[in-house]
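A.B. asks: Structure below; questions to follow.
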Amino acid sequence: MESSDEAATEKRRIHLRPATLRDAAPGTLHLLPCEVLRSRAAPVRRFFAPAIRQGPDGLAVSFRGRSLRGEEVVVPPGLVGYVMVMEEKGEDFSGGSENDEEEPEPLERDFDRFIGAIASFSRFTLWGLETIPGPDAKVFGALTWPTLAAAIHAQVPED
Amino acid sequence: MDLSDLERDNTGRCRLNSPVPAVCRKEPCVLGVDEAGRGPVLGPMVYAICYCPLSRLADLEALKVADSKTLSESERDRLFAKMEEDRDFVGWALDVLSPNLISTSMLGRVKYNLNSLSHDTATGLIQYALEQGVKVIQVARDQAVKNWRFVEKLPDLDADYGSGYPNDPKTKAWLKKHVEPVFGFPQFVRFSWRTAQTILEKEAEDVMWEDSPTGDQEGLGRITSYFLKEGPRTRPHLPHRYFQERGLESATTL
Amino acid sequence: MTREAVRWLNAALAGEKLDAGRVFEETELQSQENDPGLLDGGANILRRGEYLRDASKKMKNGLMFVKLVNPCSGEGAMYLFNMYLQQLFEIKVFKEKHRSWFINQSVQSGGLLHFVTPLDPLFLLLYYLRKAEKEGKFQPLNQVVVDDVFPDCILLLKLPDLEKVLRHVTEEKEIGNKKYYKYSREKTLKWLQKKVNQTIAALKTNKVNVSARVQSTAFFSGDQVSSDKEEDYICYAHGLISDYLPKELSDDLSKYLKLPEPSASLPNPPSKKIKLSDEPVEAKEDYTKFNTKDLKTEKKNSKMSAAQKALAKVDKSGMKSIDTFFGAKNKKKIGKI
Numbered sequence: 001m002e003s004s005d006e007a008a009t010e011k012r013r014i015h016l017r018p019a020t021l022r023d024a025a026p027g028t029l030h031l032l033p034c035e036v037l038r039s040r041a042a043p044v045r046r047f048f049a050p051a052i053r054q055g056p057d058g059l060a061v062s063f064r065g066r067s068l069r070g071e072e073v074v075v076p077p078g079l080v081g082y083v084m085v086m087e088e089k090g091e092d093f094s095g096g097s098e099n100d101e102e103e104p105e106p107l108e109r110d111f112d113r114f115i116g117a118i119a120s121f122s123r124f125t126l127w128g129l130e131t132i133p134g135p136d137a138k139v140f141g142a143l144t145w146p147t148l149a150a151a152i153h154a155q156v157p158e159d
Numbered sequence: 001m002d003l004s005d006l007e008r009d010n011t012g013r014c015r016l017n018s019p020v021p022a023v024c025r026k027e028p029c030v031l032g033v034d035e036a037g038r039g040p041v042l043g044p045m046v047y048a049i050c051y052c053p054l055s056r057l058a059d060l061e062a063l064k065v066a067d068s069k070t071l072s073e074s075e076r077d078r079l080f081a082k083m084e085e086d087r088d089f090v091g092w093a094l095d096v097l098s099p100n101l102i103s104t105s106m107l108g109r110v111k112y113n114l115n116s117l118s119h120d121t122a123t124g125l126i127q128y129a130l131e132q133g134v135k136v137i138q139v140a141r142d143q144a145v146k147n148w149r150f151v152e153k154l155p156d157l158d159a160d161y162g163s164g165y166p167n168d169p170k171t172k173a174w175l176k177k178h179v180e181p182v183f184g185f186p187q188f189v190r191f192s193w194r195t196a197q198t199i200l201e202k203e204a205e206d207v208m209w210e211d212s213p214t215g216d217q218e219g220l221g222r223i224t225s226y227f228l229k230e231g232p233r234t235r236p237h238l239p240h241r242y243f244q245e246r247g248l249e250s251a252t253t254l
Numbered sequence: 001m002t003r004e005a006v007r008w009l010n011a012a013l014a015g016e017k018l019d020a021g022r023v024f025e026e027t028e029l030q031s032q033e034n035d036p037g038l039l040d041g042g043a044n045i046l047r048r049g050e051y052l053r054d055a056s057k058k059m060k061n062g063l064m065f066v067k068l069v070n071p072c073s074g075e076g077a078m079y080l081f082n083m084y085l086q087q088l089f090e091i092k093v094f095k096e097k098h099r100s101w102f103i104n105q106s107v108q109s110g111g112l113l114h115f116v117t118p119l120d121p122l123f124l125l126l127y128y129l130r131k132a133e134k135e136g137k138f139q140p141l142n143q144v145v146v147d148d149v150f151p152d153c154i155l156l157l158k159l160p161d162l163e164k165v166l167r168h169v170t171e172e173k174e175i176g177n178k179k180y181y182k183y184s185r186e187k188t189l190k191w192l193q194k195k196v197n198q199t200i201a202a203l204k205t206n207k208v209n210v211s212a213r214v215q216s217t218a219f220f221s222g223d224q225v226s227s228d229k230e231e232d233y234i235c236y237a238h239g240l241i242s243d244y245l246p247k248e249l250s251d252d253l254s255k256y257l258k259l260p261e262p263s264a265s266l267p268n269p270p271s272k273k274i275k276l277s278d279e280p281v282e283a284k285e286d287y288t289k290f291n292t293k294d295l296k297t298e299k300k301n302s303k304m305s306a307a308q309k310a311l312a313k314v315d316k317s318g319m320k321s322i323d324t325f326f327g328a329k330n331k332k333k334i335g336k337i
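Quick note, the sequences are listed as chains E, R and Y, same order. Residue numbers are given in UniProt numbering: position 60 of the first sequence equals residue 60, and the series is strictly consecutive. Residue numbers are given in UniProt numbering: position 13 of the second sequence equals residue 13, and the series is strictly consecutive. Residue numbers are given in UniProt numbering: position 101 of the third sequence equals residue 101, and the series is strictly consecutive.
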């Protein structure tokens, strides 16, 4: 049982390197209205960012010959965005001996992992296919969840 | 010709025109319309009209205007300069449609194909002038291509892209060389051309849009597997509509 | 994050290894890192109880994602423990079809956005208390909160003030200095009613549309919201809370709140709505038709265009078909309006 992959996933602990939350540099994020089927490096700075135009009613750009319209989304106050990366076994992206004091000892179980933030964000650009996403975009709804969650999960008053 | 507007922003369309000669407002005029750069996979497409009073047509012919395809580049430049001298009776106007405009129109959710785009552009020019002309627009297209300022920051892009026509081996080689796995090509390329799409299909990452023809099937597949995975234990648990309406669900992995 | 992505990113790009974006509760997670006082709090944990000693090495980090039971479905779900602040977080993921991220100089497929928000641990404890109820006796908590599939459930025992919060849902006995607990249905329903009430208050404050089957629920004017009936609010709040409860308890609560039957057996009636908010199916088929049609013409066009330099005539023949496309285009436009 222990050796099976599935059991290992259920029991896996993913340790978040706390120092990476403090050190994460602000990143630039765009949420696109299409699925690029593979994750990989992409020269966004050269191909995408310089082509963005500020129109009278929002941002405009094109990707793969399709017209995109966009708007800035601000992460609600009290929240901070992080871009996280899971380290494969034996890796350490947290870098720098300065963090050594805070870092945990090597993993005791080989199916456990470390995860760390490589960037932070407080805003991102939301893109729609040919139309501005607008207030009905689901992601705006999603961003209201933390406020409601706080109310649902607050301790109830004593009798 | 002042192409500074186009050079400032070459992601959309740009209209250039001469002042309307006073005589053209009085006398019946002949108007010609033509396009340039319809075929290439690269660069903008240009529509132009040229017009002059019927009475002065012979003067225009005296300049030895001819089908631009039969003229050398220097002859075309010379003719354009001459026409500028004859601005008291020759007027012209042109529309430069950027390759980005062509791509996004033809690949749009509401398809706007090249014929319609051409038709509407030509009609628009004729409406703009309501007169008649000659075929000298090759100059405009060549200038636009030659001085194409890439919107992207691509310093290592090599400028040797041939004629821009898809059957030009140089153009094809340029496309193959400059395909970028995520972005495909710079906006200079008409993504809607088969030549460009074929290269993208082979050399670039697949991209699915909500109106992609196969998108629907993929969605169905995903739903099916979702049901199968649940097994006999329970019906699949759907989150409350609050979450469904916001695209939220409990994370089961990171 | 797909394994493939990780492998690729590891192999090729230092500094661009990424997962999807996540939104954390800033006050809960980040401020402690900047506040030496709170780091002291971390040290306190290590000094505290015997049950922490063996785990202390692993606890050093203090922040970890683990898989625990989803009390509603019984399946596994990801949670985050903050051992410094002794808090539990749940993780919701925003997921839409046809999304990707550009994150700095990379593309991340899927476009996931994770939300890490505090979770009342009592929902998870309830799950185990109800399971243990079948024994019908008072039990110590460490015999109640056990799980072969999700052994990390024992971390729940390390959360603070358990004795206090357990009073909401259990009867307890103290023998020696050890506490024994037994699930109490009555107390639980009372507690859940309070949960429903505070949820209703938040739904109203946040102007969540709880009644109409309209597509855009999140953002409706205040007028529309105020016209929602109280029963709709109770129903909606019950449904939300039910996402943290086993089915039977949700049904019990529904009866306790005197909600009409159907809403209890079908807590998520508008599940089809999600589809409605996408483009209609007919339209998609239509696009496909146009797409193929367009590709054909496009082929034709590029051939014509190639010959264009030599044969001006060819272009004109291409122009003949304008009407067809023109008509089609207009039709599409109307369709969109």
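By construction, the Cβ of each residue, glycine as well, lies at the ideal position given by its N, Cα and C atoms.
1) Using beta carbons (cut-off 7 angstroms, strictly below), is Thr195 of chain R in contact with chain E?
2) From Leu166 of chain Y to Thr125 of chain E, what distance separates their C-alpha atoms?
3) Please return the same chain residues whose Cβ sits closer than 8 angstroms to the Cβ of Lys67 of chain Y, not counting the five positions on each side in sequence.
4) For Pro135 of chain E, go through chain R and note every residue whose CB falls closer than 7 angstroms to its CB, in chain order.
5) Flag this pair as touching only if the stretch 68 to 75 of chain E and the stretch 187 to 194 of chain R have three or more C-beta atom pairs under 8 angstroms; answer yes or no.
6) So residue 338 of chain Y contacts chain R; which residues on that side make the cut at Cβ distance below 8 angstroms?
7) So, using beta-carbon positions, are His240 of chain R and Leu113 of chain Y closer together than 7 angstroms?
8) Flag Ile152 of chain E as yes if its beta-carbon sits less than 7 angstroms from any beta-carbon of chain R, otherwise no.
9) How would you list, in chain order, the residues of chain Y whose beta-carbon sits under 7 angstroms from the beta-carbon of Gly247 of chain R?
10) Which residues of chain R have a Cβ atom closer than 7 angstroms to the Cβ of Trp127 of chain E, listed in chain order?
11) Less than 6 angstroms between C-beta atoms, sequence neighbours within five positions excluded: which residues of the same chain meet that for Val90 of chain R?
12) Counting only C-beta atoms, is Glu130 of chain E closer than 7 angstroms to chain Y at any point?
13) Is it the case that the Cβ atoms of Leu114 of chain R and Tyr47 of chain R are separated by a distance below 7 angstroms?
14) Which whole-angstrom value is the C-beta distance of Tyr180 of chain Y and Glu172 of chain Y, which I expect to be below 8 angstroms?
15) Does DSSP put Phe89 of chain R in a helix, in a strand, or in coil?
16) If we call anything under 7 angstroms between Cβ atoms a contact, is Tyr236 of chain Y one with Pro71 of chain Y?
17) Out of curiosity, what's the CA-to-CA distance linking Phe81 of chain Y and Lys137 of chain Y?
18) Candidates R:Gln187, R:Glu203, R:Phe188, R:Glu152: which alpha carbon is nearest Lys177 of chain R's?
19) In chain E, which residues lie less than 8 angstroms from Gly111 of chain Y when you measure between Cβ atoms?
20) Going by DSSP, which residues form a beta bridge with Tyr128 of chain Y?
21) If the criterion is Cβ atoms closer than 7 angstroms, does the pair Leu29 of chain E and Ala117 of chain E meet it?
22) Which residue marks the beginning of the beta strand (DSSP E) containing His30 of chain E, and which one marks its end?
23) Is the beta carbon of Phe47 of chain E closer than 7 angstroms to that of Phe243 of chain R?
24) Taking Gly184 of chain R as the query, report the chain E residues whose CB atoms sit under 8 angstroms from its CB, ordered along the chain.
25) Please name the residue in R:Pro40, R:Leu57, R:Pro44, R:Leu60 whose C-alpha comes closest to that of Lys170 of chain R.
26) Near Tyr233 of chain Y, what residues of its chain come up, given a Cβ to Cβ distance below 8 angstroms and the 5 sequence neighbours on each side ignored?
27) Tell me which residues share the same chain as Pro140 of chain Y and place their Cβ nearer than 8 angstroms to its Cβ, disregarding the 5 neighbours each side in the sequence.
28) Taking Pro260 of chain Y as the query, report the chain E residues whose CB atoms sit under 8 angstroms from its CB, ordered along the chain.
29) Could you check if Gly58 of chain E belongs to the surroundings of the ligand ADP, using beta carbon to heavy atom distance under 6 angstroms?
30) With the cut-off set at 7 angstroms, would you say Pro151 of chain E and Gln87 of chain Y are in Cβ contact?
31) On the three-state DSSP scale, how would you describe residue 256 of chain R?
32) So who's on the other strand from Val107 of chain Y, going by DSSP bridges?
33) Could you please give me the residues that DSSP links to Glu245 of chain R through a beta bridge?
34) Going by C-alpha distance, which of Y:Pro246, Y:Asp252, Y:Leu259 is nearest Leu125 of chain Y?
C.D. replies: Straight from the coordinates:
1) As a working mapping, residue 195 of chain R is identified with position 195 in the second sequence. For Thr195 of chain R, the answer is no, since every Cβ of chain E falls outside 7 angstroms of its Cβ.
2) As a first step, residue 166 of chain Y is located in the third sequence; it is residue number 166 there, counting from the start. As a first step, residue 125 of chain E is located in the first sequence; it is residue number 125 there, counting from the start. Distance between the alpha carbons of Leu166 of chain Y and Thr125 of chain E is about 44 angstroms.
3) Here residue 67 of chain Y is taken as the residue at index 67 of the third sequence, counted from 1. For Lys67 of chain Y, where only same-chain residues beyond five positions count, the Cβ hits under 8 angstroms are Gly76, Ala77, Met78, Tyr79, Phe150, Asp152.
4) On the first sequence, residue 135 of chain E is found 135 positions in, with the first residue counted as 1. Under the 7 angstroms cutoff, chain R gives no residues; its nearest Cβ is about 13 angstroms from Pro135 of chain E.
5) No, the stretch 68 to 75 of chain E is not in contact with the stretch 187 to 194 of chain R.
6) Past the edges of chain Y, shown from 1 to 337, lies residue 338 of chain Y, and the structure says nothing about it.
7) To locate residue 240 of chain R, count along the second sequence from 1; it is residue 240. To locate residue 113 of chain Y, count along the third sequence from 1; it is residue 113. No, Cβ-Cβ distance for His240 of chain R and Leu113 of chain Y is not below 7 angstroms.
8) Working through the first sequence from its first residue, we reach residue 152 of chain E at position 152. False, the Cβ-Cβ gap to chain R never drops below 7 angstroms.
9) Translated into the one-based positions of the second sequence, residue 247 of chain R becomes position 247. Neighbours of Gly247 of chain R on chain Y, chain order: Phe94, Lys95, Glu96.
10) Locating residue 127 of chain E in the first sequence gives position 127, where the first residue counts as 1. Those do not exist, as Trp127 of chain E stays about 12 angstroms from chain R at its closest Cβ, beyond 7 angstroms.
11) Numbered from its first residue, the second sequence carries residue 90 of chain R at position 90. If you ignore the 5 residues before and after Val90 of chain R, its C-beta comes within less than 6 angstroms of the C-beta of Cys52, Met83, all in its own chain and listed in chain order.
12) Here the question's residue 130 of chain E lines up with position 130 in the first sequence. No, Glu130 of chain E lies away from the interface with chain Y (no Cβ there is under 7 angstroms from its Cβ).
13) Start at 1 with the first residue of the second sequence, and residue 114 of chain R comes out as number 114. Start at 1 with the first residue of the second sequence, and residue 47 of chain R comes out as number 47. No.
14) Residue mapping note: residue 180 of chain Y aligns to position 180 of the third sequence, counting from 1. Residue mapping note: residue 172 of chain Y aligns to position 172 of the third sequence, counting from 1. About 7 angstroms; that satisfies the 8 angstroms criterion.
15) Counting from 1 along the second sequence, the entry for residue 89 of chain R is found at position 89. Per DSSP, reduced to three states, the secondary structure at Phe89 of chain R is coil, with no helix or strand assignment.
16) As a working mapping, residue 236 of chain Y is identified with position 236 in the third sequence. As a working mapping, residue 71 of chain Y is identified with position 71 in the third sequence. Not a contact, by the Cβ cut-off of 7 angstroms.
17) Here residue 81 of chain Y refers to the residue found at position 81 when the third sequence is read from its first residue. Here residue 137 of chain Y refers to the residue found at position 137 when the third sequence is read from its first residue. Phe81 of chain Y and Lys137 of chain Y: Cα-Cα distance of roughly 30 angstroms.
18) Along the second sequence, read from residue 1 onward, the residue named residue 177 of chain R stands at position 177. When C-alpha distances from Lys177 of chain R are compared across R:Gln187, R:Glu203, R:Phe188, R:Glu152, the shortest belongs to R:Glu203.
19) Translated into positions along the third sequence, residue 111 of chain Y becomes position 111. Per Cβ cutoff of 8 angstroms: Leu31, Leu32, Glu35.
20) Taking the third sequence and counting its residues from 1, the one referred to as residue 128 of chain Y is at position 128. DSSP, once it has assigned bridges, lists no residue as partnering Tyr128 of chain Y.
21) Numbered from its first residue, the first sequence carries residue 29 of chain E at position 29. Numbered from its first residue, the first sequence carries residue 117 of chain E at position 117. At a Cβ-Cβ threshold of 7 angstroms, Leu29 of chain E and Ala117 of chain E do not count as neighbours.
22) The sequence position of residue 30 of chain E within the first sequence is 30, counting from 1. His30 of chain E -> beta strand (DSSP E) spans 29 to 32.
23) The residue you call residue 243 of chain R lines up with position 243 of the second sequence. The residue you call residue 47 of chain E lines up with position 47 of the first sequence. Cβ atoms of Phe243 of chain R and Phe47 of chain E: not closer than 7 angstroms.
24) To locate residue 184 of chain R, count along the second sequence from 1; it is residue 184. Going along chain E in sequence order, the residues near Gly184 of chain R (Cβ under 8 angstroms) are Arg64, Gly65.
25) Counting from one through the second sequence, the residue named residue 170 of chain R turns up at place 170. Residue nearest to Lys170 of chain R within the set R:Pro40, R:Leu57, R:Pro44, R:Leu60 is R:Pro40 (criterion: CA-CA distance).
26) Counting from one through the third sequence, the residue named residue 233 of chain Y turns up at place 233. These residues qualify, in order along the chain: Ile200, Leu203, Lys204, Val210.
27) To locate residue 140 of chain Y, count along the third sequence from 1; it is residue 140. Only residues of its own chain outside the window of five on either side were considered, and among them Lys178, Lys179, Tyr180, Tyr181 have a CB closer than 8 angstroms to the CB of Pro140 of chain Y, listed in chain order.
28) Counted from its first residue, the third sequence places residue 260 of chain Y at position 260. Those within 8 angstroms of Pro260 of chain Y in chain E number zero; the least Cβ separation is about 23 angstroms.
29) Ligands in the displayed structure: none, and consequently the ligand ADP is not present.
30) Within the first sequence, residue 151 of chain E is the residue found at index 151, counting from 1. Within the third sequence, residue 87 of chain Y is the residue found at index 87, counting from 1. A small correction: the amino acid at residue 151 of chain E is Ala; Pro does not occupy that position in the sequence shown. No, these two residues do not count as a Cβ contact at 7 angstroms.
31) The requested residue 256 of chain R does not occur in the structure, where chain R is confined to residues 1 to 254.
32) Indexing the third sequence from 1 puts residue 107 of chain Y at position 107. The bridge partners DSSP lists for Val107 of chain Y are E:Arg40, Y:Phe102.
33) By one-based count along the second sequence, residue 245 of chain R stands at place 245. Bridge pairing for Glu245 of chain R: absent [DSSP].
34) By one-based count along the third sequence, residue 125 of chain Y stands at place 125. For the residues Y:Pro246, Y:Asp252, Y:Leu259, the minimum Cα distance to Leu125 of chain Y belongs to Y:Pro246.
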